[in-house]
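Have a look at the structure below, then the notes.
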Amino acid sequence: MGNAVREDALYQNFKELACGAFGGFCRIPVGHPFDTVKVMLQTTSRYNNMWACFKDVYSQRGFRGLYAGAQSPAAGMAFLNSILFYAFGIGRSFVSSNPRHELTYKETWLVGTFAGFCCSFAEGPVDFFKCQLQMRPQDYSSFPDCVRKITSQYGVRGAYQSFGPCLARNTLAYPYFFLGYAMTWKALANEGEAVTDLPPWKVLLAGGVGGLCFWGFTYPIDIIKSAMASDSIHPKERQFKNMADCAKQIYQAKGIRGFGRGFTTCMFR
12 MGNAVREDAL
22 YQNFKELACG
32 AFGGFCRIPV
42 GHPFDTVKVM
52 LQTTSRYNNM
62 WACFKDVYSQ
72 RGFRGLYAGA
82 QSPAAGMAFL
92 NSILFYAFGI
102 GRSFVSSNPR
112 HELTYKETWL
122 VGTFAGFCCS
132 FAEGPVDFFK
142 CQLQMRPQDY
152 SSFPDCVRKI
162 TSQYGVRGAY
172 QSFGPCLARN
182 TLAYPYFFLG
192 YAMTWKALAN
202 EGEAVTDLPP
212 WKVLLAGGVG
222 GLCFWGFTYP
232 IDIIKSAMAS
242 DSIHPKERQF
252 KNMADCAKQI
262 YQAKGIRGFG
272 RGFTTCMFR
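Count the sequence shown with the numbering used here and you get residues 12 to 280, in order.
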């Protein structure tokens with residue numbers, strides 16, 4: 012019996028890794044152009060809406076401009092998502108040794124917080140390199156060149172320039188994501204029906220609600236994260252000293268509306 016439970020747990024962890032990796036890679040072709048526009052709307056005041064931004068980026072740099080920085084998530088998103096769902100599986104095992112245990116909402120929140128914390132250590136550098144390539148394309152010839160220039164001057168620490176807001180966002184946002192997902196699929200399921208028994212449209216809807224919960228409650232932190240990730244890699248040339256200073260400057264320049272720029276684009280993505 013004990014061996015069977017351990018084998019179930021190992022198989023569950025393997026599924027979390029494999030599905031997380033596949034899901035992370037699939038996000039890039041469709042979602043990255045929207046991410047580029049989102050970051051540009053978050054960090055500049057040049058555009059009134061996402062369509063104007065799309066048009067300007069495409070007219071100046073073509074499709075390659077919309078996919079600027081895509082090499083970073085292409086290289087790291089599968090790994091990042093693997094960590095997220097693997098950490099969720101590990102967190103689940105902390106709650107119960109039975110892999111078939113159905114988490115309560117409180118347990119889902121706690122396990123989601125743990126998963127968000129763990130994946131931040133991978134997402135921090137991935138997102139930072141992406142933003143540098145999106146907002147400072149003139150500084151780098153390619154993704155490897157970006158990584159080389161930053162790490163050769165400032166080591167691994169340089170890749171974690173925007174880690175603070177990334178960690179803050181993820182440890183707050185992922186509990187909302189997993190909780191929104193769980194509450195939605197349970198509301199759509201018939202009595203005694205498991206999530207694996209649901210039709211694809213219900214699972215997709217639950218995932219969409221989870222995504223809305225992820226961004227809806229933490230988007231202002233993402234604004235700060237994008238601003239700090241797009242800042243100069245040289246400490247003496249940086250505009251923002253820390254998260255508090257970044258939030259203060261955004262508010263002074265754009266008011267409270269500055270913390271919502273790009274939200275519509277984010278929802279489209």
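For each residue, glycine too, the CB sits at the ideal point set by N, CA and C. Every value quoted in this text rests on a predicted model; they were computed, and no experiment measured them.
- I235 and G42 have their C-alpha atoms some 21 Å from each other.
- K252 and Q172 have their C-alpha atoms roughly 11 Å apart.
- The beta-carbon separation of Y185 and G102, rounded to 11 Å, does not stay under the 8 Å limit for a contact.
- Your pair S243 and V50 does not check out as a contact, with CB atoms roughly 16 Å apart and the cut at 8 Å.
- The alpha-carbon of Q164 is positioned some 51 Å away from that of P210.
- If you check the CB distance, C277 and F45 come in under 9 Å.
- Three or more beta-carbon pairs separated by less than 8 Å are not found between the region 152-161 and the region 189-201, which leaves the two stretches without contact.
- Under the three-state reduction of DSSP output, L95 falls in the helix class.
- Of G135, Q145, Q260, V167, the smallest CA-CA separation from A81 is found for Q145.
- Across the set E113, F105, W62, the C-alpha of E113 shows the shortest separation from the C-alpha of T207.
- Under the Cβ criterion (8 Å, minimum of three pairs), the region 75-94 counts as touching the region 121-137.
- R57 counts as exposed, since fewer than 16 other C-beta atoms from the protein chains shown sit within 10 angstroms of its C-beta.
- DSSP places F251 outside any alpha helix (DSSP H), giving it a letter other than H or E.
- With respect to the 9 Å criterion, P176 and D256 are not classified as neighbours on the basis of their beta carbons.
- Secondary structure at Q172: coil, using DSSP grouped into helix, strand and coil.
- Using a 10 angstroms sphere on the CB of Y262, the tally of other CB atoms stays under 16, which defines it as exposed.
- For R147 and V48, the gap between their C-alpha atoms comes out near 14 Å.
- Here the alpha carbons of P246 and K265 stand approximately 24 Å from one another.
- Here I39 has A81, P84, A85, M88 as same chain residues with Cβ atoms under 8 Å from its own Cβ, once five neighbours each way along the sequence are excluded.
- In this model, Y78 and V167 are separated by some 25 Å (Cα to Cα).
- Bounds of the alpha helix (DSSP H) holding G135 are 116-146.
- In this structure, T195 lies away from V158, with their beta-carbon atoms at least 9 Å apart.
- The Cβ atoms of F139 and F174 lie closer than 9 Å to each other.
- Ranking I161, T275, T54 by CA distance to the CA of W226 puts T275 first.
- The beta carbon of R249 is closer than 6 Å to those of D242, S243 in its chain, skipping five residues each way along the sequence.
- In the DSSP assignment, P110 falls outside any alpha helix (DSSP H) and carries neither an H nor an E.
- Per DSSP, Q149 lies in no alpha helix (DSSP H) segment and is marked neither H nor E.
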